[in-house]
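When we follow the working numbering, the leftmost residue of the sequence shown carries the number 1, and every step to the right adds one.
First comes the structure, then the notes that go with it.
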Amino acid sequence: MQIYHNPRCSKSRTALEQAQAFADKQGEQLEVIEYLKTPATLADLKKLASQLDTPLRSLVRENEDEYAQLNLASASDEALLKAIAETPKLMQRPVLVRNGKATIGRTPEALDAFLK
Numbered sequence: 001m002q003i004y005h006n007p008r009c010s011k012s013r014t015a016l017e018q019a020q021a022f023a024d025k026q027g028e029q030l031e032v033i034e035y036l037k038t039p040a041t042l043a044d045l046k047k048l049a050s051q052l053d054t055p056l057r058s059l060v061r062e063n064e065d066e067y068a069q070l071n072l073a074s075a076s077d078e079a080l081l082k083a084i085a086e087t088p089k090l091m092q093r094p095v096l097v098r099n100g101k102a103t104i105g106r107t108p109e110a111l112d113a114f115l116k
């Protein structure tokens, strides 16, 4: 199991605690990826996008200044992935990956549903 995590984000910290508790209970390893320090490659992002349970656009933080500066509102999926690879803060967080599937865990309820 992996979590793409930003320690400065309260929702990401909450999700990390929840994911770690689940991993401990299940005897699984949890890999914490601080994606701002270790950005995902374009290949990693393509794989992550294919595992998401929501449209790719949900992976993008539309409220970041760079979103508007890069004119991403009507960008293709490929352009969005390239933008995230080049500007990691555009990636929504936290993202949890488990058993070949991924979800954006902005709420404890979303994570609970994903981890069942």
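No residue lacks a Cβ here, since even glycine has one placed at the ideal position from N, Cα and C.
With a threshold of 16 other beta carbon atoms within 10 Å, Gly105 meets it and is buried. In the structure shown, Glu86 falls within a helical segment according to DSSP collapsed to helix, strand and coil.
In the three-state reduction of the DSSP assignment, Ala49 falls in the helix class.
By the Cβ test, the region 83-93 is in contact with the region 31-45, since at least three Cβ pairs between them sit closer than 8 Å. Within the same chain, and ignoring the five residues on either side of Met1 in sequence, the residues whose Cβ sits closer than 6 Å to its Cβ are Ala23, Glu28, Leu30 and Arg98.
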